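Protein chains in written order, with our numbering: chain X, 1 to 312; chain G, 1001 to 1330.
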């Protein structure tokens, strides 16, 4: 695998405001990297620096081996960008909007025609190609945005808040489309504050807080690191001394009784089989399910801990 | 903070690579087609056409009697006014700024408002191409409209007067078009500057119109007042009156409207041989009323035309610098 995006100590200050501080980031080709964090934590600024649309205060960035500050055209020729709340020329049709982008990319007319047809087809917009974009729904605009990204056949796609404002079904469908791109070897950088929505498709994530990337790694690694036990098992059982039994099991970090025979077990591994066997030996097992803690929880817990440390 | 500043100063001077003109043609094409199909421009075109037909018809009616007496009857078509209508150029100096402002006032902030700016700038072009493309598209559109108007009016003249225009009349007409484009350029560049400075298209449109009103209506009054205040009045005494007139003219020439009016005066009236106060002694030996050749008329308005073009370039540069320093993010 080759490196698609690499930054070292990337920093951006707006006057006294720190937008991004000392960002070290590596994204490989064929990987979906999630840039996650609340609004205003520096995600969009990072993206703009990667595209050469704003100059870093300090540090360096490399996108496909090019320096975005010095060679922005080379970078932008190879990188597709779907901005946060994307806008189009409402008075033009979907096809005309894409043709303008094809012209800006210097595609020859014949080639442009073929590619536009292709990407519209792929995003399921062929039927509305000749409709004015003003009539499009939010979901259609978002798909048109992705069509535009694909139009230049990029090696890197940068998507800013791709699911914002979409209904849950459309969001899942959209994320599914994005996952399809990874299969083609594209590197995808995805920025979002909807942690639970995008965690499913990210290979790795970086959590942003006030301009710094505070946590980075695979989702499971992060929950392991922050939450201790990364497996949460819910069960309902009847029998004597179930609580003590669960607590005594290896790999168990914590057991929370929730009354009426229900328990939540935090464990370092998936020990459902073990639990089932032991509970059945003792009494009756009524329900057993595994619940993966989400990134939302990781994020919340991390800053809870930080807050505590700060106070002591 | 201090470390960041140090790091910035330590960074080697970076030169961007690639041509700033990449994508210029694509932007130009799109903007021209937008302008020509947009309802905004169509309204202005209709307005201009109506005034052109109206004023030229009125003018030709009053010129008809004197055909044969004047060798430059076609130029008269543009400058003659007949109550209650002003002349064609009078209307033009009024409508050209308005159309230029209409084409430019939402050039950049309109893209912001539609959230298309970051998407367009994420394509392999520099900001230079976007701004220059939009400016050239505006000039090109106005050029098409003006050439069209000129041809229509000349055609009407042919039809009504029944004499063909002479070579010098055509040449003067072309220079008149060029000067009008320079004048339009000033207003286009100004409205584009406002479109980068202000975030709301309505604000930039109103500001541009306010500036236009200032120059169209108040500037001449203001400069006369200032001239009177600066030079103590001594009625009937030549030198102070001359000084006052000179200061008045000097101040008035800061207005593109004055420059344009003077340019038209000399280009369309070959008899005009000076654009300022002239002393009797300077007229010794002059054959009054004889027309100047085109080259001499051009010499007369050269400073005015250069000033119009320089103003355009200056305003465009201001817009360029503002735009380059602006954050893309809305």
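Glycine included, each C-beta is placed from N, C-alpha and C at the ideal position. This one's a predicted model, so the numbers in the text were calculated from it and none came from an experiment.
query: DSSP beta-bridge partners for residue 257 of chain X?; result: X:263
query: Scan the region 1119–1134 of chain G for residues whose Cβ lies nearer than 8 Å to a Cβ of chain X and list them as they occur along the chain.; result: 1119, 1120, 1121, 1122, 1123, 1124, 1125 and 1126
query: Could you tell me which residues DSSP puts in a beta bridge with residue 61 of chain X?; result: X:7
query: Looking at the C-beta of residue 39 of chain X, does it have a partner C-beta in chain G at a distance below 9 Å?; result: no
query: Using a Cβ cut-off of 8 Å, pull out every chain X residue sitting near residue 1104 of chain G, in sequence order please.; result: Going along chain X, no residue has its Cβ under 8 Å from residue 1104 of chain G, so there is no contact; the nearest lies around 17 Å.
query: Tell me whether residue 251 of chain X sits in a helix, a strand or coil according to DSSP, three-state version.; result: coil
query: Sorted by chain position, which residues of the same chain lie with C-beta nearer than 7 Å to residue 1129 of chain G's C-beta, five sequence neighbours on each side aside?; result: 1020, 1021, 1022, 1023, 1024 and 1027
query: So, with DSSP's three-state summary, where would you put residue 1320 of chain G?; result: helix
query: Residue 1326 of chain G versus chain X: which residues are under 8 Å apart at the beta carbon?; result: Chain X residues near residue 1326 of chain G: none, gap ~10 Å exceeds 8 Å.
query: Comparing the C-beta of residue 1170 of chain G with each C-beta of chain X, is any distance below 9 Å?; result: no
query: At what residues does the alpha helix (DSSP H) containing residue 1261 of chain G begin and finish?; result: 1256–1268
query: I'd like to know if residue 1017 of chain G contacts chain X, where contact means its C-beta is closer than 9 Å to some C-beta of that chain.; result: yes
query: For the region 1104–1123 of chain G against the region 72–88 of chain X, do three or more pairs of beta-carbon atoms, one drawn from each stretch, fall closer than 8 Å, so that the two count as touching?; result: yes
query: Going by beta carbon distance, what residues of the same chain come within less than 8 Å of residue 1088 of chain G, once the five residues before and after it are set aside?; result: 1051, 1052, 1055, 1056, 1059, 1077, 1078, 1079 and 1153
query: Taking beta-carbon pairs under 7 Å, can you tell me which members of the region 48–62 of chain X lie near chain B?; result: Among the protein chains of the structure shown, namely X and G, there is no chain B.
query: Is the distance from the Cβ of residue 213 of chain X to the Cβ of residue 222 of chain X below 9 Å?; result: no
query: Taking the DSSP output, what are the residues bridged to residue 1233 of chain G?; result: Note: residue 1233 of chain G sits in no beta bridge, so no partner.
query: To which residues of the same chain is residue 150 of chain X closer than 6 Å at the C-beta, ignoring the five residues directly before and after it?; result: 119
query: Check this for me: beta carbons of residue 5 of chain X and residue 26 of chain X, under 9 Å apart or not?; result: yes
query: Residues of chain G with CB under 7 Å from residue 68 of chain X, in chain order?; result: What residue 68 of chain X touches in chain G: nothing, since even the nearest Cβ is about 10 Å away.
query: Taking Cβ positions only, does residue 1025 of chain G come closer than 9 Å to chain X?; result: yes
query: Check whether the region 1303–1319 of chain G touches the region 1172–1192 of chain G, taking contact to mean three or more Cβ pairs, one atom from each stretch, closer than 8 Å.; result: yes
query: Any chance the region 245–252 of chain X sits against the region 274–290 of chain X, with 3 or more Cβ pairs inside 8 Å?; result: yes
query: Taking three-plus beta-carbon pairs below 8 Å as touching, is the region 292–303 of chain X in contact with the region 252–265 of chain X?; result: no
query: Here's the rule I'm using: 16 or more other beta-carbon atoms within 10 Å means buried, otherwise exposed. How should residue 1302 of chain G be labelled?; result: exposed
query: Residue 164 of chain X: which of X:138, X:185 and X:210 sits nearest, CA to CA?; result: X:138
query: Which runs of the alpha helix (DSSP H), 4 residues or longer, sit entirely within the region 1045–1110 of chain G?; result: 1073–1079 and 1088–1104
query: Report back the beta-carbon spacing between residue 197 of chain X and residue 219 of chain X to the nearest angstrom; my notes put them in contact at under 8 Å.; result: With 8 Å as the limit, residue 197 of chain X and residue 219 of chain X do not qualify as a contact, their Cβ atoms being about 13 Å apart.
query: Just to confirm the assignment, what range does the beta strand (DSSP E) spanning residue 1238 of chain G have?; result: Counting along the chain, residue 1238 of chain G falls outside any beta strand (DSSP E), though it belongs to the alpha helix (DSSP H) covering 1238–1252.
query: Rounded to whole angstroms, what's the CA-CA distance from residue 1250 of chain G to residue 1238 of chain G? Just pull it up for me.; result: 18 Å
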